[in-house]
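Peer 1: The structure that follows is given in the form of structure tokens.
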């Protein structure tokens with residue numbers, strides 16, 4: 001299949017066409033992904049998530065710039081950016097529409113940016129994103145930044161996909177928001193307090209630190225502007241601090257490029273940690289497993305649907321609607 | 337089966353045992369639910385959701401009290417409260433543990449309160465909650481209040497289960513939180529601004545109104561303290577305002593019983609709307625359909641697993657781990 005060879009040879013046009021086929025879930029797209037799969041597994045997948053207004057997009061752009069302009073002696077890397085917007089239809093368009101994407105990066109053949117609008121279905125979105133990431137991975141992009149806008153389940157899906165998850169905050173959020181975000185903090189490998197020139201930055205960092213302590217009880221070392229700070233354990237724990245990753249908090253001002261070099265360094269440290277701890281391999285397996293599980297369910301439902309007559313399904317659904325039969329018994333009747 | 341008859345006859349002990357069986361997903365529990373199902377369909381399911389700190393629990397308690405102490409001429413109703421805590425394991429215990437549940441209501445045989453801790457799995461939690469609600473419904477509880485703590489997907493699950501969804505807010509939340517909550521506002525049938533004696537209540541209500549306008553463009557009538565207020569349409573729409581439910585915003589102070597009578601009235605109006613519009617029936621069907629779909633997937637995966645040898649699965653998984661085969665092709669190989 002020539003599109004596969006073209007993608008492997010670095011054709012942007014072939015890659016762009018393939019990405020569209022994957023987004024639209026065409027048979028050609030699935031077939032190409034199947035052929036490309038043996039070439040995947042090298043990219044570092046970085047998820048970037050957080051509330052609207054935290055400046056995620058600017059941060060992602062500056063991160064990409066730094067990977068394209070590394071310090072002397074460090075190899076330049078190819079960067080893919082997947083901007084996912086799983087939020088509700090009414091906000092979705094505006095968020096993506098406004099986006100003025102990276103004047104700094106335009107024309108750079110080592111950068112590929114792809115926006116995905118919401119499809120309504122979270123499951124479908126996750127599967128499509130996973131496909132895009134595999135295509136970029138096979139095409140030789142070493143760093144894949146997956147940026148999500150929104151709250152809740154979408155962030156968790158990103159964390160499941162990514163090796164390293166950045167959760168971006170900004171000063172000026174109330175205490176209540178911190179409480180809500182407890183679940184999101186748990187998925188953070190690195191916490192970024194962006195817009196750190198805004199008033200309230202110290203308060204935001206303190207609040208995050210408190211939440212982190214709740215989320216990861218035990219002795220903790222926070223890296224902050226290069227300095228180390230030990231926070232007493234809220235409960236005794238026997239794990240050695242070498243075998244546990246303690247999410248650092250990094251202040252940044254993306255628009256002024258402040259804190260970005262440190263952030264790139266922390267991402268590199270996390271990657272190192274993933275490899276030495278064996279978590280890189282674990283995360284890769286967990287991701288494959290969950291992708292397998294989702295595809296399996298879809299395939300089984302499809303096969304089942306083809307094996308049962310419409311009449312039988314209608315008959316059982318009628319009994320269900322009349323409450324003559326419970327949902328569990330309806331399933332049992334239709335699955336034998 | 338005597339437990340079923342005992343539950344139908346109003347035995348609290350039998351009901352309590354059945355609820356445990358449902359929570360633990362035992363075969364006895366499933367069998368009893370199957371027998372009880374024809375007796376379900378009468379209860380009004382009310383979901384109450386919102387961020388921690390908004391005073392949801394107090395609000396639910398006062399609501400229950402009002403249903404137990406109705407005005408002259410209105411029948412008293414039996415109330416079940418299901419407190420679901422799908423939030424993360426580390427916050428879960430504390431939130432439920434602190435709860436001092438309703439001194440006003442203790443000893444009232446027309447009130448039954450059940451707390452459910454998190455099971456880790458959201459899907460399992462939704463299925464168990466659905467089972468509890470069916471048991472309460474069959475046992476003759478006319479009002480079932482399902483209260484969730486947490487953010488994101490859990491709220492959406494509640495909305496899918498409930499006929500009427502209350503989203504509870506409190507003053508003092510920043511602008512960012514409003515943006516995050518866009519998705520949650522969309523599921524609200526009634527918006528409650530609790531702790532309305534706190535500073536910032538007008539700001540919170542204004543912010544919510546703005547969000548509501550984004551979520552439901554078109555001419556809108558907001559009910560607020562009994563007065564009607566027409567907000568101009570942000571885009572033309574042909575739907576008549578009689579056939580559309582416009583979520584009212586109700587200020588309350590649960591601890592002082594302020595606004596509760598009005599809230600009970602708005603819930604009654606929403607129920608009326610559901611019946612006249614046909615949405616009650618639609619929601620019931622959608623709920624059954626999604627419960628059926630989840631149980632079907634689980635049953636199909638179970639049946640498939642029993643039909644495939646461990647060796648074959650291990651062989652394919654090994655090829656998957658080595659990236660010799662893509663997840664979709666692995667599924668195809670295992671499902672024939």
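Residue numbers (the numbering used here), protein chains in the order written: chain A, 1 to 336; chain B, 337 to 672. Here a beta-carbon is modelled for each residue, glycine too, at the ideal position from N, C-alpha and C. Everything numeric in this text was worked out from a predicted model, so none of it was measured.
For the segment 622 to 652 of chain B, list every residue whose C-beta sits within 7 Å of some C-beta in chain A, in sequence order.
Peer 2: Result list: 624, 627, 628, 631, 632, 633, 635, 636, 637, 639 and 640.
Peer 1: Checking contacts by CB at 8 Å: is residue 400/A closer than that to chain B?
Peer 2: There is simply no residue 400/A to check, as chain A begins at 1 and stops at 336 in what is shown.
Peer 1: Using only CA atoms, which one of 639/B, 479/B and 399/B lies nearest to residue 598/B?
Peer 2: Residue 399/B is the option with its Cα nearest to residue 598/B.
Peer 1: In this structure, how does DSSP classify residue 541/B when only helix, strand and coil are distinguished?
Peer 2: Residue state, collapsed to three classes: helix.
Peer 1: Grab the span of the alpha helix (DSSP H) containing residue 366/B for me, first residue to last.
Peer 2: It spans 363 to 372 - the alpha helix (DSSP H) in which residue 366/B sits, taken as one unbroken run.
Peer 1: If you follow the beta strand (DSSP E) that residue 586/B is in, where does it begin and where does it stop?
Peer 2: Segment 585 to 587, the beta strand (DSSP E) holding residue 586/B.
Peer 1: Is residue 335/A close to chain B? Criterion is C-beta to C-beta, closer than 8 Å.
Peer 2: Answer yes: the Cβ-Cβ gap between residue 335/A and chain B drops below 8 Å somewhere.
Peer 1: If you pair each beta-carbon of the segment 405 to 423 of chain B with each one of the segment 463 to 475 of chain B, do three or more pairs fall below 8 Å?
Peer 2: Touching, yes, given that three or more Cβ pairs across the two stretches are closer than 8 Å.
Peer 1: Can you name, in chain order, every residue of its own chain whose Cβ lies under 6 Å from the Cβ of residue 330/A, other than the five neighbours on each side?
Peer 2: Excluding positions up to five away in sequence, the list reads 316 and 320.
Peer 1: Are the segment 355 to 365 of chain B and the segment 386 to 393 of chain B touching by the rule of at least three beta carbon pairs closer than 8 Å?
Peer 2: They do not touch, by the three-pair rule.
Peer 1: Output needed for residue 616/B: all residues of its chain with C-beta closer than 6 Å, excluding positions within five of it in sequence on either side, in chain order.
Peer 2: Correct list, in chain order: 610.
Peer 1: Cβ atoms of residue 326/A and residue 370/B: under 8 Å apart, would you say?
Peer 2: Yes, these two residues count as a Cβ contact at 8 Å.
Peer 1: Could you give the first and the last residue of the continuous alpha helix (DSSP H) run that contains residue 390/B?
Peer 2: Per DSSP, residue 390/B belongs to no alpha helix (DSSP H) and is neither H nor E.
Peer 1: Candidates 141/A, 160/A, 205/A and 144/A: which alpha carbon is nearest residue 169/A's?
Peer 2: Per the Cα distances, 205/A.
Peer 1: Whole angstroms are fine: how far does the CA of residue 606/B sit from the CA of residue 612/B?
Peer 2: Residue 612/B and residue 606/B: Cα-Cα distance of roughly 10 Å.
Peer 1: For the alpha helix (DSSP H) that residue 13/A lies in, which residues bound it at each end?
Peer 2: Element bounds for residue 13/A: 12 to 23.
Peer 1: Of the choices 483/B, 525/B and 340/B, whose alpha-carbon is the least far from that of residue 586/B?
Peer 2: Cα-wise, what sits closest to residue 586/B is 525/B.
Peer 1: Between the alpha carbons of residue 527/B and residue 254/A, how many angstroms are there, rounded?
Peer 2: Going from the Cα of residue 527/B to the Cα of residue 254/A covers about 37 Å.
Peer 1: The ligand MG and residue 483/B: does any heavy atom of the ligand fall closer than 7 Å to the residue's C-beta?
Peer 2: Ligands displayed in this structure: none; no statement on the ligand MG is therefore possible.
Peer 1: Would a check of beta-carbon distances place residue 38/A closer than 8 Å to chain B?
Peer 2: True, the Cβ-Cβ gap to chain B drops below 8 Å.
Peer 1: Thinking residue 144/A and residue 67/A are a contact (beta carbons under 8 Å), I'd like their distance in whole angstroms, please.
Peer 2: Their Cβ separation, rounded to whole angstroms, is 11 Å, which puts residue 144/A and residue 67/A out of contact at 8 Å.
Peer 1: Checking 8 Å against the spacing of the C-beta atoms, do residue 699/B and residue 583/B come in under that value?
Peer 2: Outside the modelled stretch of chain B, which goes from 337 to 672, sits residue 699/B, for which no answer is possible.
Peer 1: Residue 339/B: buried (16+ other C-beta within 10 angstroms of its C-beta) or exposed?
Peer 2: Buried, since its Cβ has 16 or more Cβ neighbours within 10 Å.
Peer 1: To the nearest angstrom, how far is the alpha carbon of residue 367/B from that of residue 446/B?
Peer 2: Distance between the alpha carbons of residue 367/B and residue 446/B is about 26 Å.
Peer 1: Assuming residue 111/A is part of the alpha helix (DSSP H), what are its boundary residues?
Peer 2: Taken as a continuous stretch (DSSP letters only), residue 111/A belongs to no alpha helix (DSSP H), being part of the beta strand (DSSP E) at 111 to 116.
Peer 1: Could you name the residues of the segment 320 to 332 of chain A whose beta carbon sits closer than 8 Å to any beta carbon of chain B, in the order they occur along the chain?
Peer 2: Taking 8 Å as the Cβ-Cβ cut-off against chain B, the residues of the segment 320 to 332 of chain A that qualify are 320, 321, 323, 324, 325, 326, 327, 328, 329, 330, 331 and 332.
Peer 1: Using 8 Å as the threshold, is the C-beta distance between residue 40/A and residue 137/A below it?
Peer 2: Going by C-beta atoms, residue 40/A is nearer than 8 Å to residue 137/A.
Peer 1: Return the residues of the segment 15 to 36 of chain A that lie within a Cβ-Cβ distance of less than 7 Å from chain B, sorted by chain order.
Peer 2: Those residues of the segment 15 to 36 of chain A that come within reach of chain B (Cβ to Cβ, closer than 7 Å) are 30, 33 and 34.
Peer 1: Name, in chain order, the residues that DSSP records as bridge partners for residue 529/B.
Peer 2: Residue 529/B pairs with 505/B and 587/B.
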